[in-house]
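Step one of this worksheet: look at the structure below.
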Amino acid sequence: MANLLWKTLGAGALAGLRSMTPLATLSSSLAKHNSANLAASPLRFLQSKAAATGLKLLAGGEMVADKIPGMPNRTNPTALLGRALSGALIGATMYKAGKNRQVAVGAALGSVAAVAATFASFHLRKSLGKQTQVPDTAWALAEDAATLGSSLAVAKAPKEARPRFGRYAWPRYGQRGFWG
1 MANLLWKTLG
11 AGALAGLRSM
21 TPLATLSSSL
31 AKHNSANLAA
41 SPLRFLQSKA
51 AATGLKLLAG
61 GEMVADKIPG
71 MPNRTNPTAL
81 LGRALSGALI
91 GATMYKAGKN
101 RQVAVGAALG
111 SVAAVAATFA
121 SFHLRKSLGK
131 QTQVPDTAWA
141 LAEDAATLGS
151 SLAVAKAPKE
161 ARPRFGRYAW
171 PRYGQRGFWG
């Protein structure tokens with residue numbers, strides 16, 4: 001449960017940096033590894049390859065649009081609402097896929113994390129630009145890379161646990177052990 005909470009907060013915060021990237025990576029992961037918990041849910045559309053592809057295109061478009069001069073700030077009410085909704089959708093999906101019945105809690109966590117990260121990243125990027133004299137486009141590209149890498153890490157489907165053989169454990173019949 002705690003792991004799901006932190007993943008939801010992390011993915012929601014990433015939606016504050018780029019609203020579509022964490023949603024696209026989550027959808028892509030779900031398209032490859034369907035969740036039975038989402039099968040009868042209105043959120044099941046995120047498991048489709050069409051949704052994953054469409055969200056990837058939107059994420060790429062968002063990354064390009066971020067570098068265009070004259071684009072409104074991410075703290076603009078419309079942009080902020082989009083990030084909050086993206087965080088809510090991510091949180092609800094993660095909670096539903098994670099066998100948690102409190103989907104509204106997941107949505108609230110994702111949304112709040114997205115809004116908080118929106119303001120934090122906006123002020124951080126402005127401050128870094130002033131202090132370092134590095135162009136904003138360079139910081140935007142760094143933000144893209146960090147968001148994409150972190151989103152891929154958060155959206156990874158959990159691996160099944162495999163039995164481990166410790167230092168003092170004997171291998172089972174048919175498995176290679178100390179002598180084999």
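Take 1 as the starting number for the sequence shown in the working numbering and just add one per residue.
Cβ atoms here follow ideal geometry from the backbone N, Cα and C, with glycine treated the same way.
Please report the distance separating the alpha-carbon of residue i from that of residue j.
{"i": "S19", "j": "A52", "result": "14 Å"}
{"i": "T78", "j": "Q47", "result": "27 Å"}
{"i": "L4", "j": "T75", "result": "27 Å"}
{"i": "A15", "j": "V134", "result": "24 Å"}
{"i": "K56", "j": "W6", "result": "24 Å"}
{"i": "D144", "j": "K67", "result": "11 Å"}
{"i": "G54", "j": "G87", "result": "18 Å"}
{"i": "Q131", "j": "K32", "result": "43 Å"}
{"i": "S29", "j": "M94", "result": "11 Å"}
{"i": "N34", "j": "R101", "result": "18 Å"}
{"i": "N73", "j": "H123", "result": "11 Å"}
{"i": "A140", "j": "E62", "result": "11 Å"}
{"i": "F45", "j": "L58", "result": "16 Å"}
{"i": "A13", "j": "A84", "result": "10 Å"}
{"i": "A142", "j": "G60", "result": "15 Å"}
{"i": "S41", "j": "A2", "result": "23 Å"}
{"i": "K156", "j": "K49", "result": "16 Å"}
When you compare the CB positions of residue i and residue j, do they come within less than 9 Å of one another, or not?
{"i": "A11", "j": "A116", "result": "no"}
{"i": "T21", "j": "L148", "result": "yes"}
{"i": "T25", "j": "S151", "result": "yes"}
{"i": "L89", "j": "T118", "result": "no"}
{"i": "S121", "j": "L17", "result": "yes"}
What residues in its chain sit with their C-beta under 8 Å from that of residue i, if we drop five residues either side in the sequence?
{"i": "A92", "result": "L43, V103, A104, G106, A107 and G110"}
{"i": "M71", "result": "A65"}
Going by C-alpha to C-alpha distance, which of the options sits closest to residue i?
{"i": "A146", "options": "R125, K130, K99 and L30", "result": "R125"}
{"i": "A36", "options": "K130, P69, K99 and W139", "result": "K99"}
{"i": "L38", "options": "K32, A31 and A97", "result": "A97"}
{"i": "D136", "options": "A155, P69, A84 and A153", "result": "P69"}
So, for residue i: in the same chain, excluding its five sequence neighbours on each side, which residues have a beta-carbon less than 7 Å away from its beta-carbon?
{"i": "G82", "result": "S19"}
{"i": "S27", "result": "L46, A51, A52 and L55"}
Among the residues of its own chain, which have a CB less than 6 Å from the CB of residue i, if the five just before and after it don't count?
{"i": "P158", "result": "In this prediction, P158 has a pLDDT of 47, which is less than 50 and means its spatial position is unreliable; nothing more can be read from the coordinates."}
{"i": "V154", "result": "K7, G10 and A11"}
Please determine whether the Cβ atom of residue i lies at a distance below 8 Å from any heavy atom of the ligand ZN.
{"i": "L124", "result": "No copy of the ligand ZN occurs in the structure displayed, which carries no ligand at all."}
For residue i and chain C, any beta-carbon pair shorter than 9 Å?
{"i": "S151", "result": "Structure shown: chain C not included; a single protein chain is present."}
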